[in-house]
Each structure stands twice: as C-alpha cells, then as structure tokens.
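**Q**
Protein chains: 2
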Amino acid sequence: MNDQKPDSADMLLGYQSQRLQDLIEEILHCCKERTSHLSKKFDIPEAELRCLMLFGEERYLTAKGIAQKLDVAKSRVTKIMNGLIHKNLVESTDDPKDARVKLIGLTQEGQRRSKELGAIMTDLHQKLLLEFEPEQRKMVISCLEVLRSSMEAVKNQMV
Amino acid sequence: MNDQKPDSADMLLGYQSQRLQDLIEEILHCCKERTSHLSKKFDIPEAELRCLMLFGEERYLTAKGIAQKLDVAKSRVTKIMNGLIHKNLVESTDDPKDARVKLIGLTQEGQRRSKELGAIMTDLHQKLLLEFEPEQRKMVISCLEVLRSSMEAVKNQMV
DNA sequence: CTAATATTCTTCATGCTATGAACGATCAAA
DNA sequence: TTTGATCGTTCATAGCATGAAGAATATTAG
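Here it is as structure tokens:
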C-alpha cells in the first residue's frame, strides 16, 4: 500500500488523530448543550439534576456517597443538597445508627422529577440508537467501550 | 434466539440504550479529567487554554471571533483575555482599519505554549488511536462520525 | 453633512461550579 | 478514656458564564 510514499502511514495516523480530536470535541459540545438544555427546562442547576438521577436503586444516600458518585468535594454536596432541599425535592433525616451521618432521600415531588428526568434520558439514548441500523448498534456500543478503555489506558500514561 | 420471549427486541434496545448512556457518561468524565489535568499542568484556567488553542492558522483574532469560536458571551472573552494578557501570553493592538475592534495575537511565549499544548493534544489522540488495530481505526472514527450526526439529529428533535 | 442605527468591546451585577482548610460533632479502638 | 478517624458544615477563594448597560466608533439614510 505504501510502497511509493515513505511515511503515508504516519500521515494517515496524523490525519486520523486530528479527526478524532475534532469529533470528540463536537460530541462533548453536543452533550454539554443537552445538559444545559435540560437544566433550563427543569429550571434546576445541572449539578442538582445530576444528583437527582443518583437515586436509582437506593432509597437513601449519604453526603459522602453522593460526593463519590458525583466525584466532587463533600462541601460541594452540602451546597447542592441545600438547593434540592429548598426546592423540596429531597429531604434529610438523621441516621438512627450513626448520629454523624444524614440519610438523604427523595421527596414525592423529587421522585416524580427524578423519574421524569430518567425517562427523558432513556428516550434520548434510545432515539440515538434508533438512528442506527439494528446490526450497527452493537458495533457502536463496542466501539465506545473500547474507546473508553483506551482513554483510561492513555490517561494512566499521562504525565 | 428470541423465539420464546415476545419483546426481546425492545428489551435489547432498552439494555443497549442504558449501556450507551453509561458509556457516554464515562467518556465525558474522562475528557473532563483530561482537561482539568492539562489546566493544572499548565497552571492556566481551562477557558484560557481553550482560547490559546484557537490560534492555529490565523495570526490575529478579534474578541467577537473568539466569542463565536468558544461559543461564549463577549463579556466572557474580555475576562479570559485579561487573564491571558496578564500572563503575557497574548497581546492586543488596535485595528488600524476600525478603532472599535482590537486585534488579539499570541506573544512569543504564547506561541510556545500554544504549540506545546497542541502537540500534547495530538500526541494524546494518536496514543488513543494506537490502542486500536490499524484496521479498527477507520471504524472507530466513522462510528463517532455517525454518532455525532445522530446526536445533532436527536438534539433537533428535542422539545 | 448629520442624525439615527449598528457594531465592538468593556463593566458590572448575578449565579452556578468546584475546591480545600478549618471546625464541631460523633464514633471506634487502644 | 484519650486518641484518632469519620461525617457533615462553613468559609474563603477561584473559575465559568450570562445579560444588561454603556462608551466609543462606524455606517447608513435622509
């Protein structure tokens, strides 16, 4: 294939990596727009929405747990919780077993909103998949799977 | 395969869309970490780094142009520029043709940093590609290409 | 030529995101 | 029972981002 041009493989790689960089940036931008759109639609800050979606299985979460799941500092969680409590979407009760921790749970309204949000997200990603042919869908997912692993791998190589 | 369960296609779609959602979130998180890592490494805020990378071809940019490229308000650009000027990475001169506009260009140091940053980004994405077999690379890119288009399409469907 | 309108950038007030240090309360273990 | 760890909060700080208002300049219509 590259018997004439000496470094055509390198050029291809260069071209492809630029393309990859652009694509990732565009996808990132798209996701950011989606998040901000939902935040405006629900009239709830993005961080609070993200938090609202954490209550999938569990009935109660702790501030520490939320901090880990959201990957933010504990102090950030306090602030987010204040917003959610103020909006009556979440309520906190003392853990009977340990007076240090507070159990945070969704209110009725919180559950409603959380479900609504979850449904929108699921619907969104389903629509995304439906843009592909059924046979392609598996491929897209496995593609992203490898991409994610590669990103982790490359991240760990970073200085 | 699905001769017994009636709605296994729906279940598959549901499963896949959940998987897609998780994957996108993980990839997003990875990108965010990368950005924040570079910001710390260069000791320059993320927005300023993003701006620094805008000077690829053009010698000069205007505040308006930067605002469009970064997709932020003009007032935000003023602030970012103050930071960059203060760090001596960028300098602004009056446009001789139109006294309203200021031409913003990289200083020597700014050019150095900009190049350095670009090299790191390219290297990063090259490493990412090298995690794949050569035949797979094309596929990953076309996958992302379709994914991006689909996202745009779905975005336009959003209420 | 001039008055009205556009454009370009800045300033200011506001609000969200996020961190880290310091702190008080509580728990667990030596 | 002291000592050390854990949990949540408060506070100071910094970055991100917008939109309204304004000053300077350009353009255009009359």
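In order, the protein sequences belong to chains A and B. Here the first sequence stands for residues 1 to 159, where the numbers follow this note's numbering. Here the second sequence stands for residues 1001 to 1159, where the numbers follow this note's numbering. C-beta atoms are modelled at their ideal positions from N, C-alpha and C, and glycine is treated no differently.
Let me make sure I understand the geometry here. Which of B/T1062, B/Q1136, B/V1072, B/R1076 has the alpha-carbon closest to that of B/K1097?
**A** Within the second sequence, residue 1097 of chain B is the residue found at index 97, counting from 1. Closest in C-alpha terms to B/K1097, from the list B/T1062, B/Q1136, B/V1072, B/R1076, comes B/T1062.
**Q** Pick out whichever of A/A47, A/L128, A/M151 has its Cα sitting closest to the Cα of B/G1014.
**A** Here residue 1014 of chain B refers to the residue found at position 14 of the second sequence. Closest by alpha carbon: A/L128.
**Q** What's the C-alpha gap between B/Q1108 and A/L20?
**A** Taking the first residue of the second sequence as 1, we reach residue 1108 of chain B at position 108. Taking the first residue of the first sequence as 1, we reach residue 20 of chain A at position 20. The straight-line gap from Cα to Cα measures roughly 29 Å.
**Q** By the three-class DSSP mapping on this structure, what secondary structure does A/K102 have?
**A** Taking the first residue of the first sequence as position 1, residue 102 of chain A is located at position 102. Three-state DSSP puts A/K102 in a strand.
**Q** Check A/D161 in the structure and name its three-state DSSP category.
**A** Residue numbering for chain A in the displayed model covers 1 to 159; residue 161 of chain A lies beyond these limits and cannot be assessed.
**Q** As a quick exercise: from A/E33, A/G83, A/L124, pick the residue whose alpha carbon is nearest that of B/Q1018.
**A** For the purposes of this step, residue 1018 of chain B is taken as the residue at position 18 of the second sequence. Checking every option, the nearest Cα to that of B/Q1018 belongs to A/L124.
**Q** Name the residues in the stretch 1016–1036 of chain B whose C-beta lies less than 8 Å from a C-beta of chain A; which are they?
**A** From the stretch 1016–1036 of chain B, only Q1016, S1017, Q1018, R1019, L1020, Q1021, L1023, I1024, E1026, I1027, L1028, H1029, C1030, C1031, E1033, R1034 have a Cβ closer than 8 Å to chain A.
**Q** Going by alpha carbons, who is nearest to A/G83 out of A/L54, A/E46, A/L70?
**A** Translated into positions along the first sequence, residue 83 of chain A becomes position 83. It is A/E46 whose Cα lies nearest to the Cα of A/G83.
**Q** Within a Cβ cutoff of 8 Å, which residues of the same chain sit near A/I120, ignoring the five residues on either side of it in sequence?
**A** Position 120 of the first sequence, counting from 1, holds the residue named residue 120 of chain A. Here the set comprises L38.
**Q** Are there 16 or more other CB atoms within 10 angstroms of the CB of B/V1077, so buried, or fewer, so exposed?
**A** Walking along the second sequence from the start, residue 1077 of chain B turns up at place 77. By the 16-neighbour rule on beta-carbons within 10 angstroms, B/V1077 is buried.
**Q** Is B/Q1108 close to chain A? Criterion is C-beta to C-beta, closer than 9 Å.
**A** Mapped onto the second sequence, residue 1108 of chain B falls at position 108. No, B/Q1108 lies away from the interface with chain A (no Cβ there is under 9 Å from its Cβ).
**Q** May I ask you to report which of helix, strand or coil DSSP gives B/L1084?
**A** Locating residue 1084 of chain B in the second sequence gives position 84, where the first residue counts as 1. Three-state DSSP puts B/L1084 in a helix.
**Q** Extract the residue ranges of the alpha helix (DSSP H) inside the stretch 1019–1073 of chain B, only unbroken runs of 4 or more that lie entirely within it.
**A** 1046–1052, 1063–1070
**Q** Output the distance between the C-alpha atoms of B/M1053 and B/S1114, rounded to the nearest integer angstrom.
**A** As a working mapping, residue 1053 of chain B is identified with position 53 in the second sequence. As a working mapping, residue 1114 of chain B is identified with position 114 in the second sequence. Going from the Cα of B/M1053 to the Cα of B/S1114 covers about 6 Å.
**Q** Can you check which of these residues, B/K1040, B/L1012, B/Q1016, B/I1024, is closest to B/R1148 by C-alpha distance?
**A** Residue numbering aside, residue 1148 of chain B sits at position 148 when the second sequence is read from its first letter. Considering only alpha carbons, the answer is B/I1024.
**Q** Would you call the CB atoms of B/I1066 and B/I1080 closer than 9 Å?
**A** Here residue 1066 of chain B refers to the residue found at position 66 of the second sequence. Here residue 1080 of chain B refers to the residue found at position 80 of the second sequence. With contacts defined by Cβ atoms closer than 9 Å, B/I1066 and B/I1080 form a contacting pair.
**Q** Whole alpha helix (DSSP H) runs in the stretch 1115–1146 of chain B with 4 or more residues, listed along the chain?
**A** The stretch 1115–1146 of chain B contains no whole alpha helix (DSSP H) run of 4 or more residues.
**Q** Within a Cβ cutoff of 8 Å, which residues of the same chain sit near A/R50, ignoring the five residues on either side of it in sequence?
**A** Taking the first residue of the first sequence as 1, we reach residue 50 of chain A at position 50. For A/R50, where only same-chain residues beyond five positions count, the Cβ hits under 8 Å are L70.
**Q** Give the secondary structure of A/M158 by DSSP, where H, G and I count as helix, E and B as strand, and everything else as coil.
**A** Taking the first sequence and counting its residues from 1, one reaches residue 158 of chain A at position 158. In this structure, A/M158 counts as coil in the three-state DSSP scheme.
**Q** Measure from the C-beta of A/D71 to each C-beta in chain B and report whether the shortest distance is under 9 Å.
**A** Position 71 of the first sequence holds residue 71 of chain A. By the rule that beta-carbons nearer than 9 Å mark a contact, A/D71 touches chain B.
**Q** Closest to A/C143 by CA distance: which of B/M1151, B/V1154, B/E1131 is it?
**A** For the purposes of this step, residue 143 of chain A is taken as residue 143 along the first sequence, with counting starting at 1. Of the candidates B/M1151, B/V1154, B/E1131, the one whose C-alpha sits nearest the C-alpha of A/C143 is B/E1131.
**Q** Is A/L89 helix, strand or coil when you go by DSSP?
**A** Position 89 of the first sequence holds residue 89 of chain A. The answer is coil: DSSP assigns A/L89 none of H, G, I, E or B.
**Q** Suppose you measure from the CA of B/A1099 to the CA of B/Q1157; what does that come to, to the nearest Å?
**A** The count along the second sequence starts at 1 and reaches residue 1099 of chain B at position 99. The count along the second sequence starts at 1 and reaches residue 1157 of chain B at position 157. Between the alpha carbons of B/A1099 and B/Q1157 lies a gap of roughly 43 Å.
**Q** Taking A/A153 as the query, report the chain B residues whose CB atoms sit under 9 Å from its CB, ordered along the chain.
**A** Reading the first sequence from its first residue, position 153 is the one you call residue 153 of chain A. Near A/A153 (Cβ distances below 9 Å), the residues of chain B are K1127, L1128, E1131.
**Q** Taking 9 Å as the CB-CB limit, is B/I1141 close to chain A?
**A** Here residue 1141 of chain B refers to the residue found at position 141 when the second sequence is read from its first residue. It does: the Cβ of B/I1141 has a partner Cβ on chain A nearer than 9 Å.
**Q** In three-state DSSP terms, what is A/T78?
**A** Here residue 78 of chain A refers to the residue found at position 78 of the first sequence. Three-state DSSP puts A/T78 in a helix.
**Q** By how many angstroms is the C-alpha of B/L1106 removed from the C-alpha of B/E1048?
**A** By 1-based counting over the second sequence, the position of residue 1048 of chain B is 48. By 1-based counting over the second sequence, the position of residue 1106 of chain B is 106. Spanning the two alpha carbons is a distance of roughly 12 Å.
**Q** Please decide whether A/Q111 counts as near chain B, where near means a Cβ-Cβ distance under 9 Å.
**A** Counting from 1 along the first sequence, the entry for residue 111 of chain A is found at position 111. With respect to chain B, the C-beta atom of A/Q111 has no partner C-beta closer than 9 Å.
**Q** Can you give the Cα-Cα distance for A/K155 and A/L117, rounded to whole angstroms?
**A** In the first sequence, the residue the question calls residue 155 of chain A occupies position 155. In the first sequence, the residue the question calls residue 117 of chain A occupies position 117. Each residue's alpha carbon lies about 31 Å from the other.
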